[in-house]
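Here's the structure we're looking at; comments come further down.
2 protein chains.
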Amino acid sequence: MEHRIEKIKKQLHSQSYKLTPQREATVRVLLENEEDHLSAEDVYLLVKEKAPEIGLATVYRTLELLSELKVVDKINFGDGVSRYDLRKEGAEHFHHHLVCIECGSVEEIEEDLLLDVEKIVESQWGFEVKDHRLTFHGICRVCQKQAVAASSAEENKK
Amino acid sequence: MEHRIEKIKKQLHSQSYKLTPQREATVRVLLENEEDHLSAEDVYLLVKEKAPEIGLATVYRTLELLSELKVVDKINFGDGVSRYDLRKEGAEHFHHHLVCIECGSVEEIEEDLLLDVEKIVESQWGFEVKDHRLTFHGICRVCQKQAVAASSAEENKK
DNA sequence: CTCCCTGCAAAGACTTTGCATGACG
DNA sequence: CGTCATGCAAAGTCTTTGCAGGGAG
Chain D
1 MEHRIEKIKK QLHSQSYKLT PQREATVRVL LENEEDHLSA EDVYLLVKEK APEIGLATVY
61 RTLELLSELK VVDKINFGDG VSRYDLRKEG AEHFHHHLVC IECGSVEEIE EDLLLDVEKI
121 VESQWGFEVK DHRLTFHGIC RVCQKQAVAA SSAEENKK
Chain E
1001 MEHRIEKIKK QLHSQSYKLT PQREATVRVL LENEEDHLSA EDVYLLVKEK APEIGLATVY
1061 RTLELLSELK VVDKINFGDG VSRYDLRKEG AEHFHHHLVC IECGSVEEIE EDLLLDVEKI
1121 VESQWGFEVK DHRLTFHGIC RVCQKQAVAA SSAEENKK
């Protein structure tokens, strides 16, 4: 984990930004919650546990900065909030998401499934693809099982 | 166009909603600007030209309603506003978008390029796909040409 | 008469900004 | 010292809600 912080520090320095304690705390929170898709408010609350004096505005400013540096991706699942997602080590493509419409869980797909599609877009639409956002909405494994369980319970009642 | 309004009217009635004059005016604006990706405010201003007494809240409520009925899709390109996009006749998949990071133009892809990808997601992740959102960010044909023109102008200067 | 719909204004949620203060070289 | 970063509070967006009045059946 430390080396990832070092790396981010270098990225900041290369653009003459500093890794201040607040920024570092924010980055640590993001690293520790890599699986989640935290909103600015979520990050703020978590950072506050370690550095209670931090302000919400600083968190916003830091997330904005990290977003510019492509350290995090800002995403939006359609509820009114922006969420921030750390790019994985070495990944230059933006990972995909599976959002369950039943329970709201969000799963990530690291693998890039769009290589073929991008080729088609480039050749047929003449569009030079730089990045993509792909989200599937549907029913996750867990909720599918529950649906089956519920309907068989229904069966038993008869 | 009239038959599309009729169709929407029936959809509304089937859920015991009415197609009021305000709602109809809103739908007409959406139909007349199918190519664009209007924000609620945009729709409001356009509707106002025909029906000046309409309120912004009604537009929001109508768009929300149409969204529930799957007549329009609510999308979000990362600027802070929701945009509303009419579903095409008979389409049950949500079309894809090409957003140009130079000029901000948005192009649509009707064709469903994700059929194969969805199969993979279903079989390998056990996720039952119901809908998807796919947006590519990159450089559109027009801006690519301008970039070429600009760099050759640069050449000429030498 | 009842229920749904509307306009207006107010409230709300999320995010950005202005400004004085503070850290750092 | 000068610059960049911070915290706080205020201001901004965009969107939703409360409520009284209206309209259709």
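Chains D and E, in that order, give the protein sequences. The first sequence begins at 1 in the working numbering and counts up one residue at a time. The second sequence begins at 1001 in the working numbering and counts up one residue at a time. All C-beta atoms, glycine included, are put in the ideal place defined by N, C-alpha and C.
I want to verify the contact list: residues of chain E whose CB lies under 7 Å from the CB of D/R141, in sequence order. Numbered from its first residue, the first sequence carries residue 141 of chain D at position 141. Chain E residues near D/R141: G1126 and F1127.
Scan the region 1107–1137 of chain E for residues whose Cβ lies nearer than 8 Å to a Cβ of chain D and list them as they occur along the chain. Those would be E1107, I1109, L1113, L1114, D1116, V1117, E1118, I1120, V1121, W1125, G1126, F1127, E1128, V1129, K1130, D1131, H1132, R1133, L1134, T1135, F1136 and H1137, in chain order.
From what residue to what residue does the alpha helix (DSSP H) around D/H97 run? Here residue 97 of chain D refers to the residue found at position 97 of the first sequence. Looking at the DSSP string, D/H97 is not in any alpha helix (DSSP H); the run it does join, the beta strand (DSSP E), is H96 to C100.
Determine the burial state of E/I1139: buried for a count of at least 16 other Cβ atoms within 10 Å of its Cβ, exposed for fewer. Locating residue 1139 of chain E in the second sequence gives position 139, where the first residue counts as 1. By the beta-carbon neighbour count (other beta carbons within 10 angstroms, threshold 16), E/I1139 is buried.
Do you know how far the Cα of D/L56 is from the Cα of E/Q1074? What you label residue 1074 of chain E is simply residue 74 of the second sequence in a count that begins at 1. What you label residue 56 of chain D is simply residue 56 of the first sequence in a count that begins at 1. Looking at the sequence itself, residue 1074 of chain E is Lys, so the reference to Gln does not match. The alpha-carbon atoms of E/K1074 and D/L56 are separated by roughly 29 Å.
Where D/H104 meets chain E, residues with beta-carbon distance less than 9 Å: Start at 1 with the first residue of the first sequence, and residue 104 of chain D comes out as number 104. Here the sequence assigns Gly to residue 104 of chain D, which means His is not the residue at that position. The contacting residues do not exist; D/G104 stays about 14 Å from chain E at best.
I need the straight-line Cα distance from D/A149 to E/E1092, nearest angstrom please. The count along the first sequence starts at 1 and reaches residue 149 of chain D at position 149. The count along the second sequence starts at 1 and reaches residue 1092 of chain E at position 92. Rounded to the nearest angstrom, the two C-alpha atoms are 29 Å apart.
Would you identify the three-state DSSP class for E/I1109, choosing helix, strand or coil? On the second sequence, position 109 is the one that residue 1109 of chain E refers to. Here E/I1109 sits in strand by DSSP.
Count the other C-beta atoms from every protein chain shown that fall within 10 angstroms of the C-beta of E/S1105, then say buried if there are 16 or more, exposed otherwise. Within the second sequence, numbered from 1, the residue matching residue 1105 of chain E stands at position 105. The residue is exposed, with fewer than 16 neighbouring Cβ atoms inside 10 Å.
Considering only their Cβ atoms, is the gap separating D/H97 from E/H1132 smaller than 8 Å? In the second sequence, residue 1132 of chain E corresponds to position 132, counting from 1. In the first sequence, residue 97 of chain D corresponds to position 97, counting from 1. Going by C-beta atoms, E/H1132 is not nearer than 8 Å to D/H97.
Please check the pair D/L86 and D/L30, which I expect to be a contact at CB under 8 Å, by giving their CB distance rounded to whole angstroms. In the first sequence, counting from the first residue as 1, residue 86 of chain D sits at position 86. In the first sequence, counting from the first residue as 1, residue 30 of chain D sits at position 30. That belief holds up - the Cβ atoms of D/L86 and D/L30 are roughly 5 Å apart, short of 8 Å.
Once the 5 residues before and after E/A1051 are set aside, which same chain residues still bring their CB inside 6 Å of it? On the second sequence, position 51 is the one that residue 1051 of chain E refers to. Counting only Cβ-Cβ distances below 6 Å, and skipping sequence neighbours, we find A1025.
Segment limits, alpha helix (DSSP H) that includes E/V1071: Position 71 of the second sequence, counted from the first residue, corresponds to residue 1071 of chain E. No alpha helix (DSSP H) holds E/V1071; DSSP gives it neither H nor E.
Taking CB distances under 8 Å as the criterion, tell me whether D/K88 reaches chain E. In the first sequence, counting from the first residue as 1, residue 88 of chain D sits at position 88. Chain E, which has no Cβ nearer than 8 Å to the Cβ of D/K88, makes this no.
Nearest-angstrom Cα distance between E/L1046 and E/K1088? Working through the second sequence from its first residue, we reach residue 1046 of chain E at position 46. Working through the second sequence from its first residue, we reach residue 1088 of chain E at position 88. Between E/L1046 and E/K1088, the C-alpha separation is close to 21 Å.
Just the chain D side, please: which residues come within less than 8 Å of E/K1074 by C-beta, in chain order? Translated into positions along the second sequence, residue 1074 of chain E becomes position 74. By Cβ distance, chain D contributes G78.
Give me whichever residues DSSP pairs with D/E128 in a beta bridge. Taking the first sequence and counting its residues from 1, the one referred to as residue 128 of chain D is at position 128. Beta-bridge pairing links D/E128 to E/I1139.
Flag D/L56 as yes if its beta-carbon sits less than 8 Å from any beta-carbon of chain E, otherwise no. Within the first sequence, the letter at position 56 stands for residue 56 of chain D. The beta carbon of D/L56 does not come within 8 Å of any beta carbon belonging to chain E, so the residue lies off that interface.
Would you mind telling me which residues of chain E sit closer than 9 Å to D/L98, beta carbon to beta carbon, in chain order? For the purposes of this step, residue 98 of chain D is identified with residue 98 of the first sequence, where counting begins at 1. Ordered by position in chain E, the residues that pass the 9 Å Cβ test against D/L98 are V1121, W1125, F1127 and V1129.
Of all the CB atoms in chain D, is at least one closer than 8 Å to the CB of E/Q1144? For the purposes of this step, residue 1144 of chain E is identified with residue 144 of the second sequence, where counting begins at 1. Yes, its Cβ sits closer than 8 Å to a Cβ of chain D.
Inter-residue spacing [alpha-carbon to alpha-carbon] between D/E108 and D/H95: Against the first sequence, residue 108 of chain D aligns to sequence position 108. Against the first sequence, residue 95 of chain D aligns to sequence position 95. Cα-Cα distance, rounded: 7 Å.
Buried or exposed, going by whether 16 or more other CB atoms sit within 10 Å of the CB of E/E1002? Against the second sequence, residue 1002 of chain E aligns to sequence position 2. Exposed.
In the DSSP assignment, find the beta strand (DSSP E) that holds D/S82 and state where it starts and stops. Counting from 1 along the first sequence, the entry for residue 82 of chain D is found at position 82. Residues S82 to L86.
Could you check if D/C100 is buried or exposed, using at least 16 other CB atoms within 10 Å of its CB as the buried criterion? For the purposes of this step, residue 100 of chain D is taken as the residue at position 100 of the first sequence. Taking all protein chains shown into account, D/C100 has 16 or more neighbouring C-beta atoms within 10 Å of its C-beta and is therefore buried.
Taking the C-alpha atoms as reference points, what is the distance between D/E41 and E/E1122? Your numbering for residue 41 of chain D matches position 41 in the first sequence. Your numbering for residue 1122 of chain E matches position 122 in the second sequence. Distance between the alpha carbons of D/E41 and E/E1122: 33 Å.
Quick check on E/I1101 - is its C-beta less than 8 Å from some C-beta in chain D? Numbered from its first residue, the second sequence carries residue 1101 of chain E at position 101. For E/I1101, the answer is yes, since a Cβ of chain D falls inside 8 Å of its Cβ.
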